[in-house]
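J.:
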Amino acid sequence: MTLDWLAKELYDSEKKGEKVHIISHIPSGSSYCIKAFSDNYYQLVNRFENTISAQFFGHTHVDEFYIYFDDKNPVHRPTHTAFVAPSLTTYSEANPAYKIYTIDGNYTGSTFTVIDEETFWANLTEINANDKVEFKLEYNKRVL
Numbered sequence: 264m265t266l267d268w269l270a271k272e273l274y275d276s277e278k279k280g281e282k283v284h285i286i287s288h289i290p291s292g293s294s295y296c297i298k299a300f301s302d303n304y305y306q307l308v309n310r311f312e313n314t315i316s317a318q319f320f321g322h323t324h325v326d327e328f329y330i331y332f333d334d335k336n337p338v339h340r341p342t343h344t345a346f347v348a349p350s351l352t353t354y355s356e357a358n359p360a361y362k363i364y365t366i367d368g369n370y371t372g373s374t375f376t377v378i379d380e381e382t383f384w385a386n387l388t389e390i391n392a393n394d395k396v397e398f399k400l401e402y403n404k405r406v407l
């Protein structure tokens, strides 16, 4: 049902020439996602590669990304990047972190793609020692 709804929304957006951001909890392709759902979602992402501008996920508590490839030419043609944000919780003993994404602006012809991302983190040992939370820039994608 969810993927049927998503397919319809993507189709409608494609016909209108709109760009779409997908924001979801569990990234497809991860070990946390049901394989059948993941496979079908992957097909939708490839089918609507010119409509979907960005995908954002969480759940893994890890700062990572997934690359989607054209299922007809998987070695040579990436179609999408799925951005997975780190977590503010310390589950899995990671330091708390968050991201800020900069999107290609709201203007005629905009791609609405991610043009920059900044990751901020806080040192849990320092937080516990000083009873103060201070987030610091870990990296900026443009600078990498």
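Each residue of the sequence shown is one higher than the one before, counting from 264 in the numbering used here.
Built from N, CA and C at the ideal position, the CB exists for glycine as well.
Quick caveat: nothing in here was measured; it's all calculated off a predicted structure.
#1: Per DSSP, what are the beta-bridge partners of Q306 in this structure?
#2: For D379, which residues from the same chain have a beta carbon less than 6 Å from its beta carbon, with the 5 sequence-adjacent residues on both sides left out?
#3: Give the single residue among D334, F346, T314, N336 whose Cα lies nearest to the Cα of D326.
#4: What's the call for A392, buried or exposed, on a 16-neighbour Cβ count within 10 Å?
#5: Three Cβ pairs or more, each shorter than 8 Å: is that satisfied between the stretch 302-309 and the stretch 358-376?
#6: Quick check on P349: buried or exposed, where buried means 16 or more other Cβ atoms within 10 Å of its Cβ?
#7: DSSP on A392, reduced to helix/strand/coil?
#8: Looking at the unbroken beta strand (DSSP E) that takes in L273, where does it start and where does it end?
#9: With a Cβ-Cβ cutoff of 7 Å, do I333 and T342 count as a contact?
#10: Taking the beta strand (DSSP E) that H284 belongs to, which residues open and close that run?
T.: Looking at the coordinates:
#1: Note: Q306 sits in no beta bridge, so no partner.
#2: Non-local C-beta neighbours of D379 in its own chain, meaning closer than 6 Å and more than five positions away in sequence, comprise T365, K404, R405, ordered along the chain.
#3: F346
#4: Around the beta carbon of A392, fewer than 16 other beta carbons sit within 10 angstroms, so the residue counts as exposed.
#5: no
#6: Answer is buried; the Cβ neighbour count reaches 16.
#7: helix
#8: Note, L273: premise wrong, no beta strand (DSSP E); alpha helix (DSSP H) at 265-279.
#9: Correcting the residue type first, residue 333 is Asp in the shown sequence and not Ile. Yes. Within cutoff.
#10: 283-286
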